[in-house]
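Undergrad:
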Ligand SMILES: Nc1ncnc2c1ncn2[C@@H]1O[C@H](COP(=O)(O)OP(=O)(O)OP(=O)(O)O)[C@@H](O)[C@H]1O
Ligand SMILES: [Mg+2]
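Protein chains in written order, with my numbering: chain H, 7 to 294; chain P, 216 to 490.
Structure (structure tokens):
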């Protein structure tokens, strides 16, 4: 067990920002995604683990602080010098003499940015800068807090792809906070779902999907006709404009698909949709 | 019991039998020097400004005093202007730089990369003292080459230098504490600038000697070591006796005030998280 969080409570003044009752454990090599709306307590969890906010409870880990690396939601650097010097100071090495660092820099296509000051970098380049610093630490546990927020669609995809490529076949433990579900499809195996400072669920992606959405979900437009066609099938919670049907078995799915095909209805089939899983997990959490 | 923010981190470090903090290295000091260098303010206020002022003020004053008094008058102006250097570099320069970094969350980012507060602040202090030394050297060369000032007695020169470095150190503590308490660049900059001008007026650096100020202000000025350097050091610049007691007392008072401020800033950071 790399890290166990038991009965954690973080308060800001009188507001409880995070309350974890059942212990949560991160194992070595796991890729954990944390999801939850704004203010759910995601960043707070990381800050507690790093000892940056006061908390009540226990965080048990064999890790030394230098074995944890973190990409915070907001990362500030001095703007008085080119980022090359900041990088060399923080990593305690010279770029010209360090093959490994050179590789990392070229992997992220960052060479041309080295001579710029931090404030002159674009949003994506700023993120890459911290990512390089964080990756080079080769920590046993690495946190990425919204590493792609504020980036355009294409940059986001590229960066996610780079991250996933870099960590492929490596045994680093990652904790990735993100509001972009495609990103978590690529980067996470397990998901921790937070809402209003509470843990909704924690488990493997596919297990969670099955728990809350069944074997497969069929998603279509939320129209009167579609509602009529899917009568009798279990309906899942979904965004207002969509209608989501849960299929518990192959037979049920086949039956549904037949109806949809015959009536010429467009639909999307998924056995891993995180958004749908998240909505239904939250729905069930508050229903209890 | 709630764990205090940084205490939790430190406790974990202790439990693991290691200290996370990296040692303050030469690289770190070079980084801080580069950091200071990236901003023109300390250079202007700490190096250009005092020399320029010396030149301008001595030209105007020099024209008003009889020729045989001129050298002493210029020396007196020089002594007053030396005070600008520690004030500009330590109070304004360090205060502005550190407050801006706090506002941008840079110290926290450095902590997370393993650079402890001790390491970072040590490097900053070293870099600022190096800059101040450079400023003194430039000032000394300028005085020797361009200005006509009286040659000091060795003891007096040493006394001046020790005092200036001490004053620099105290200003640095004040600036560090203020930045930590105020947390914002604009606020910190405003406050240190106010302090700067108030002290300039009180200690006779704005052209009016302390003795010409209202009684109350003279009392206040008596608590500031700068007052004595600006007003009295000329009396024993080339030797002679001087009652150092009030001067030393002012140092004790000024230093204590700075330490209290530092203590308050520690208290504040103990109650609020760094975030
Ligand atoms: N320093 C702070 N002082 C007071 N309240 C805070 C502080 N930091 C966070 N909070 C509150 O704690 C709650 C959780 O914040 P947190 O930053 O963990 O959210 P998050 O899940 O990371 O959200 P986001 O997706 O917007 O980043 C929020 O309601 C927030 O307002
Ligand atoms: Mg957050």
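For glycine and all other residues, C-beta sits at the position ideal for the given N, C-alpha and C. Remember, it's a predicted structure, so these values are computed and weren't measured experimentally.
Give the range of the alpha helix (DSSP H) segment to which residue 375 of chain P is assigned.
TA: Residue 375 of chain P sits at position 160 when you count from the first residue of the second chain. Segment 369 to 397, the alpha helix (DSSP H) holding residue 375 of chain P.
Undergrad: CB of residue 151 of chain H to nearest heavy atom of ligand 1: below 8 angstroms?
TA: Start at 1 with the first residue of the first chain, and residue 151 of chain H comes out as number 145. Under cutoff, so the answer is yes.
Undergrad: Three-state secondary structure (DSSP) at residue 237 of chain P?
TA: Numbered from 1 along the second chain, position 22 holds the residue referred to as residue 237 of chain P. Coil.
Undergrad: Quick check for students: name the residue ranges of the beta strand (DSSP E) that lie wholly in the segment 70 to 122 of chain H, counting only runs of 3 or more.
TA: 74 to 77
Undergrad: Measuring straight from C-alpha to C-alpha, what distance separates residue 120 of chain H and residue 82 of chain H?
TA: The sequence position of residue 120 of chain H within the first chain is 114, counting from 1. The sequence position of residue 82 of chain H within the first chain is 76, counting from 1. The alpha-carbon atoms of residue 120 of chain H and residue 82 of chain H are separated by roughly 16 angstroms.
Undergrad: Alpha carbons only, please: which of P:473, P:319, P:364, P:328 is nearest the one belonging to residue 387 of chain P?
TA: Your numbering for residue 387 of chain P matches position 172 in the second chain. Nearest option by C-alpha distance: P:473.
Undergrad: Take the Cβ of residue 283 of chain H as the centre, count every other Cβ of all protein chains shown within 10 Å, and call the residue buried at 16 or more, exposed below.
TA: As a working note, residue 283 of chain H is residue 277 in the first chain. By the neighbour-count rule (16 or more Cβ atoms within 10 Å), residue 283 of chain H is buried.
Undergrad: Drop a sphere of 10 angstroms on the beta-carbon of residue 292 of chain H, count the other beta-carbons inside from all chains shown, and report buried for 16 or more, exposed for fewer.
TA: Here residue 292 of chain H refers to the residue found at position 286 when the first chain is read from its first residue. Looking at its Cβ environment, which holds fewer than 16 other Cβ atoms inside 10 Å, residue 292 of chain H is exposed.
Undergrad: Terminal residues of the continuous beta strand (DSSP E) containing residue 296 of chain P?
TA: By 1-based counting over the second chain, the position of residue 296 of chain P is 81. Run containing residue 296 of chain P: none in the beta strand (DSSP E); it sits in the alpha helix (DSSP H), 282 to 297.
Undergrad: Closest to residue 433 of chain P by CA distance: which of P:465, P:369, P:417 is it?
TA: Translated into the one-based positions of the second chain, residue 433 of chain P becomes position 218. Looking at the Cα atoms, P:417 is the closest of the given residues.
Undergrad: Over what stretch of residues does the alpha helix (DSSP H) that includes residue 330 of chain P continue unbroken?
TA: Within the second chain, the letter at position 115 stands for residue 330 of chain P. No alpha helix (DSSP H) contains residue 330 of chain P, which DSSP labels as neither H nor E.
Undergrad: What is the C-beta distance between residue 110 of chain H and residue 142 of chain H, in whole angstroms, given that I count them as a contact (C-beta under 8 angstroms)?
TA: Here residue 110 of chain H refers to the residue found at position 104 when the first chain is read from its first residue. Here residue 142 of chain H refers to the residue found at position 136 when the first chain is read from its first residue. Residue 110 of chain H to residue 142 of chain H, Cβ: 6 angstroms. Contact.
Undergrad: Would you list, in sequence order, the uninterrupted beta strand (DSSP E) runs of no fewer than 3 residues that lie entirely inside the segment 14 to 65 of chain H?
TA: 21 to 26, 30 to 32, 37 to 41
Undergrad: Would you mind sorting residue 227 of chain P into buried or exposed? The rule is 16 or more other CB atoms within 10 Å of its CB.
TA: Taking the second chain and counting its residues from 1, one reaches residue 227 of chain P at position 12. In this prediction, residue 227 of chain P has a pLDDT of 47, which is less than 50 and means its spatial position is unreliable; nothing more can be read from the coordinates.
Undergrad: With hydrogens ignored, establish whether the beta-carbon of residue 49 of chain H is closer than 8 angstroms to any heavy atom of ligand 3.
TA: Ligand 3 is absent from the structure shown, which contains only ligand 1 and ligand 2.
Undergrad: What residue range does the beta strand (DSSP E) around residue 274 of chain H cover?
TA: Residue mapping note: residue 274 of chain H aligns to position 268 of the first chain, counting from 1. Residue 274 of chain H -> beta strand (DSSP E) spans 273 to 276.
Undergrad: Within the 9 angstroms Cβ cut-off, does residue 395 of chain P reach chain H?
TA: Here residue 395 of chain P refers to the residue found at position 180 when the second chain is read from its first residue. So no, residue 395 of chain P is outside the interface.
Undergrad: What do you reckon, is the C-beta of residue 183 of chain H under 8 angstroms from a heavy atom of ligand 2?
TA: By one-based count along the first chain, residue 183 of chain H stands at place 177. Checking the Cβ of residue 183 of chain H against ligand 2 gives yes.
Undergrad: Output the distance between the C-alpha atoms of residue 302 of chain P and residue 38 of chain H, rounded to the nearest integer angstrom.
TA: The count along the second chain starts at 1 and reaches residue 302 of chain P at position 87. The count along the first chain starts at 1 and reaches residue 38 of chain H at position 32. Rounded to whole angstroms, residue 302 of chain P to residue 38 of chain H spans 51 angstroms at the Cα level.
Undergrad: Could you compute how far the alpha carbon of residue 172 of chain H sits from the alpha carbon of residue 188 of chain H?
TA: The residue labelled residue 172 of chain H in the question sits at position 166 within the first chain. The residue labelled residue 188 of chain H in the question sits at position 182 within the first chain. Whole-angstrom Cα-Cα distance: 17 angstroms.
Undergrad: Indicate the three-state DSSP secondary structure (helix, strand or coil) for residue 223 of chain H in the structure shown.
TA: As a working note, residue 223 of chain H is residue 217 in the first chain. The answer is strand: DSSP assigns residue 223 of chain H an E or B state.
Undergrad: Which residues, in order along the segment 320 to 331 of chain P, keep a beta-carbon less than 8 angstroms from a beta-carbon of chain H?
TA: Under the 8 angstroms Cβ criterion, the segment 320 to 331 of chain P contributes 320, 321, 323, 324, 325, 327, 328, 329, 330.
Undergrad: Do you know how far the Cα of residue 283 of chain P is from the Cα of residue 453 of chain P?
TA: Translated into positions along the second chain, residue 453 of chain P becomes position 238. Translated into positions along the second chain, residue 283 of chain P becomes position 68. Going by the C-alpha atoms only, they are around 16 angstroms apart.
Undergrad: Relative to the C-alpha of residue 309 of chain P, which residue among P:273, P:395, P:364, P:281 is closest?
TA: Position 94 of the second chain, counting from 1, holds the residue named residue 309 of chain P. Comparing Cα positions, the closest option is P:395.
Undergrad: Does DSSP put residue 186 of chain H in a helix, in a strand, or in coil?
TA: If you number the first chain from 1, residue 186 of chain H lands on position 180. In this structure, residue 186 of chain H counts as coil in the three-state DSSP scheme.
Undergrad: Tell me, which residues are paired with residue 148 of chain H by DSSP?
TA: What you label residue 148 of chain H is simply residue 142 of the first chain in a count that begins at 1. DSSP output for residue 148 of chain H lists H:75, H:180 as bridge partner(s).
Undergrad: Can you find a heavy atom of ligand 2 that lies under 8 angstroms from the Cβ of residue 21 of chain H?
TA: Against the first chain, residue 21 of chain H aligns to sequence position 15. Residue 21 of chain H: no, Cβ never under 8 angstroms from ligand 2.
Undergrad: Skipping 5 residues on each side, what residues in its chain have a beta carbon closer than 6 angstroms to that of residue 237 of chain P?
TA: Mapped onto the second chain, residue 237 of chain P falls at position 22. Only 329, 330, 334 meet the Cβ criterion.
Undergrad: Check whether the segment 451 to 465 of chain P touches the segment 359 to 370 of chain P, counting contact only when three or more Cβ pairs, one atom from each stretch, lie closer than 8 angstroms.
TA: yes
Undergrad: In terms of DSSP beta bridges, what is residue 153 of chain H paired with?
TA: Locating residue 153 of chain H in the first chain gives position 147, counting from the first residue. Per DSSP, none; premise fails for residue 153 of chain H.
Undergrad: Nearest-angstrom Cα distance between residue 320 of chain P and residue 250 of chain P?
TA: Locating residue 320 of chain P in the second chain gives position 105, counting from the first residue. Locating residue 250 of chain P in the second chain gives position 35, counting from the first residue. Spanning the two alpha carbons is a distance of roughly 16 angstroms.
Undergrad: Express the C-alpha separation of residue 11 of chain H and residue 242 of chain P in angstroms, rounding to a whole number.
TA: Here residue 242 of chain P is taken as the residue at index 27 of the second chain, counted from 1. Here residue 11 of chain H is taken as the residue at index 5 of the first chain, counted from 1. Going from the Cα of residue 242 of chain P to the Cα of residue 11 of chain H covers about 37 angstroms.
Undergrad: Under 9 angstroms, Cβ to Cβ, is there at least one residue of chain H near residue 249 of chain P?
TA: Residue mapping note: residue 249 of chain P aligns to position 34 of the second chain, counting from 1. Cβ-Cβ to chain H under 9 angstroms: yes for residue 249 of chain P.
Undergrad: What are the residues in the segment 78 to 98 of chain H lying within 8 angstroms of chain P by C-beta distance?
TA: 78, 80, 81, 82, 83, 84, 85, 86, 87, 91, 92, 94, 95, 96, 98
Undergrad: For ligand 1, is there any heavy atom lying closer than 8 angstroms to the beta carbon of residue 194 of chain H?
TA: Indexing the first chain from 1 puts residue 194 of chain H at position 188. No heavy atom of ligand 1 is found nearer than 8 angstroms to the CB of residue 194 of chain H.
Undergrad: Quick one: which unbroken alpha helix (DSSP H) runs of 4-plus residues sit fully inside the segment 249 to 273 of chain H? Chain order, please.
TA: 256 to 268
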